[in-house]
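Residue numbers (the UniProt record's numbering), protein chains in the order written: chain A, 1 to 235; chain B, 1 to 235. Glycine included, every Cβ here is placed at the ideal spot set by N, Cα and C. Being a predicted model, the structure only gives us computed values, none of them experimental. The block underneath contains the structure these notes are about, expressed in structure tokens.
Number of protein chains: 2
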Amino acid sequence: MNSPTPRRQVFRLSREQRVAEIMSAAREVFREKGYEDAPLSDIAERAKVVEGSIYRYFENKRDLLVKVIEDWYEGMLADYDLQLAGIRGTRNRLRFMIWRHLSTIHEEPALCNLMFQHLRTGGDYSHTAVHELNREYTRRTLDIIKEGIEAGELREDVPLRLVRDMIYGCTEHRTWAYLRGEGDFDPDATADMIVDLVLSGLERRKPQQPATPDLAERLERAVARLETMTGSAAP
Amino acid sequence: MNSPTPRRQVFRLSREQRVAEIMSAAREVFREKGYEDAPLSDIAERAKVVEGSIYRYFENKRDLLVKVIEDWYEGMLADYDLQLAGIRGTRNRLRFMIWRHLSTIHEEPALCNLMFQHLRTGGDYSHTAVHELNREYTRRTLDIIKEGIEAGELREDVPLRLVRDMIYGCTEHRTWAYLRGEGDFDPDATADMIVDLVLSGLERRKPQQPATPDLAERLERAVARLETMTGSAAP
DNA sequence: ACCCGCTAATGAATACAATTCATCATCTGG
DNA sequence: CCAGATGATGAATTGTATTCATTAGCGGGT
């Protein structure tokens, strides 16, 4: 007969502190092992509680994940506006958003992975706070593009949502390859390339004529006059 | 005491047939319930075998999923080349690839979902046949772009991989929104928009000057004549 | 036709992680 | 200092994937 497990010392804590401890432990374990491979027992151990206790603060494992990602994401987005406010010009502002996104992935690949793989794919994602944060976040990108259109720098007929999907789809796709170990990537260089691609497209530009329409017009008239003077109309 | 379960009739089958039956059943169940929510018992039942039997043909649940997706994907890609062969022009060929991708997602959202969510994210994805198929598949897109560059239709300085990521990232991103129920999408219209965006970019084109080479020629001749008239050759 | 071995298929046993729950420990206010 | 109230616990429960000893059917040799 195994002697009954001696009941371990019970620590009582304020709700906030407990939640914070569990979330912190969970974030670490999730980061290290991913979602499926992170047993709740590991998290409990690191948080110095017993598995069952987690259920006092979180509905279930997935809820815990959602809260963890939410918490992280929220903190991250906090100072975006501030930074963005100091940047002028459509291209620069767009580049900043992309660069910021790439940098984040570069710095926290594991958490990004969880977010893409487990949050976004869950059926309840739409009701998640992360979803709302995300919308808020990408809305800024759309705003930049709208401003660019109003300033006359961008075409007016671009499908906005598609542009957004193109930008974020591209960075994320790039990310998968990175996470999979297919060569690493440099947020700076990549951001440059993406902005360039998005703005300029693939098609070869017709060689840019230096002449402005206005100049061309004057030239046209001058030539016509010359022709009259020399009495030699073109055949 | 419960009476022992009467052993059910044993059907012996060729390996190929059994594998085919199990894969077929698995594909259905996975399509209906996803991966995590598809108990192996359901698959076994539909395949008319017992759970344990599956392990004679597949290493584990994940292996089964991989094989199922592989099988589906392979069959799908088979006639791509054939169809693509009949299409001319960079824009049209590119559009076809994108349209094909979107259509597939439109027709088999569930399986695509499994592929993106469970295959691609697994650490062993790089060693999967699906990965190889995918590379083969996207290689065609890159080829189209290369041809476009050689034909002088596209810029020479585009980062190829990034273009690929942009195209597929965009379609997939669009897909998530669709699968999540955020408005449905029309492969035809979407393909048009994506091609347009990728080729033309966002920037407003400088208003295309009514070609002036002709004007330049006339100017050249007029000046020459002036010089003759005034007897002042250029130094 | 019959036996014998070979292997496919089975049903039950095992392993393991999430979730629930009855019980106990600690705090707080009177 | 006592009595609830509530937090935390460890054990029990559940649901699946995976393993395994055992049996059923087939085919080859006599």
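Under a three-way DSSP split, which group does residue 203/A fall into? strand
DSSP state of residue 2/B, grouped into three classes? At residue 2/B, the pLDDT of 46 sits below 50, so the modelled position is not reliable; the number obtained from the coordinates is stated separately. DSSP places residue 2/B in coil when its eight states are reduced to three.
Listed by chain order, chain B residues near residue 168/A by CB distance under 7 Å: When 7 Å is used as the limit between beta carbons, residue 168/A is near these residues of chain B: 173, in chain order.
For a cutoff of 8 Å on Cβ pairs, would you count residue 201/A as touching chain B? Chain B contact via Cβ: present.
Quick one, are the C-beta atoms of residue 68/B and residue 201/A less than 8 Å apart? no
Counting only Cβ pairs nearer than 7 Å, list the residues of chain A close to residue 87/B. Going along chain A, no residue has its Cβ under 7 Å from residue 87/B, so there is no contact; the nearest lies around 18 Å.
Spatial neighbours of residue 178/B within its chain, please: C-beta separation below 7 Å, excluding the five flanking residues on both sides. Result list for residue 178/B: 184 and 185, in chain order.
Name, in chain order, the residues that DSSP records as bridge partners for residue 154/B. 203/A
Min CB distance residue 159/A to chain B below 8 Å: yes
Residues within the segment 130-143 of chain A neighbouring chain B, beta-carbon criterion of under 7 Å: Within the segment 130-143 of chain A, contact with chain B at the beta-carbon level (separation under 7 Å) is assigned to no residue.
Report the CB separation of residue 187/A from residue 103/A in whole angstroms; it is logged as a contact under 8 Å. 5 Å
Among 123/B, 164/B and 176/B, which residue has its Cα nearest to the Cα of residue 123/A? 176/B
Residue ranges of each alpha helix (DSSP H) run of no fewer than 4 residues wholly in the segment 69-112 of chain B, ordered along the chain? Fully enclosed alpha helix (DSSP H) runs of 4 or longer: 80-85 and 90-107.
Answer yes if the segment 110-124 of chain B comes into contact with the segment 112-123 of chain A, meaning at least three C-beta pairs across the two stretches below 8 Å, and no otherwise. yes
What's the gap between the Cα of residue 166/B and the Cα of residue 151/A? 26 Å
Assuming contact is defined by CB atoms lying nearer than 8 Å, are residue 106/A and residue 168/B in contact in what I supplied? no
Please report the straight-line C-alpha distance between residue 6/B and residue 28/B, rounded to a whole angstrom. Here the alpha carbons of residue 28/B and residue 6/B stand approximately 29 Å from one another.
I want to verify the contact list: residues of chain A whose CB lies under 8 Å from the CB of residue 152/B, in sequence order. 204
Identify which residue in 37/A, 39/A and 43/A has its Cα closest to the Cα of residue 18/A. Proximity to residue 18/A across 37/A, 39/A and 43/A peaks at 43/A, based on C-alpha coordinates.
Which two residues bound the contiguous alpha helix (DSSP H) that contains residue 24/A? 15-33
Kindly list, in the order they appear in chain A, the residues whose Cβ is closer than 7 Å to that of residue 115/B. Neighbours of residue 115/B on chain A: none; closest Cβ ~12 Å, over 7 Å.
To the nearest whole angstrom, what separates the beta carbons of residue 40/B and residue 32/B, a pair I think is in contact under 8 Å? So it is not a contact: roughly 14 Å between Cβ atoms.
Counting only Cβ pairs nearer than 7 Å, list the residues of chain A close to residue 193/B. 159 and 162
Hey, quick one: how far does the alpha helix (DSSP H) through residue 168/A stretch, first residue to last? 160-179
Where the segment 96-108 of chain A meets chain B: residues whose CB sits under 8 Å from a CB there: Answer in chain order: no residues at all.
Using a Cβ-Cβ cutoff of less than 8 Å, which residues in the same chain neighbour residue 23/B once the five nearest sequence positions on both sides are dropped? 64, 67, 68 and 71
Any C-beta of chain A under 8 Å from that of residue 40/B: no
Residue 195/B, buried or exposed, once every other Cβ within 10 Å from all chains shown has been counted against 16: Residue 195/B comes out buried.
Short CB-CB distance (under 8 Å) between residue 82/A and chain B: No, because no Cβ of chain B sits closer than 8 Å to the Cβ of residue 82/A.
My assumption, with CB atoms under 8 Å, is that residue 140/A sits in contact with residue 97/A. Please give the rounded CB distance. 7 Å
Can you tell me which of 191/A, 91/A and 73/A puts its alpha carbon nearest to the alpha carbon of residue 136/A? 73/A
8 Å Cβ cutoff, residue 128/B in contact with chain A: The beta carbon of residue 128/B sits no closer than 8 Å to any beta carbon of chain A.
Secondary structure of residue 116/B, DSSP reduced to three states: Reduced to three states, the DSSP call for residue 116/B is helix.
Beta-carbon proximity of residue 144/A to residue 90/A, cut-off 8 Å: For the pair residue 144/A and residue 90/A, the CB atoms are nearer than the 8 Å cut-off.
Evaluate residue 101/A with the Cβ neighbour count: other Cβ atoms within 10 Å of its Cβ, from every protein chain shown; 16 or more gives buried, anything less gives exposed. buried
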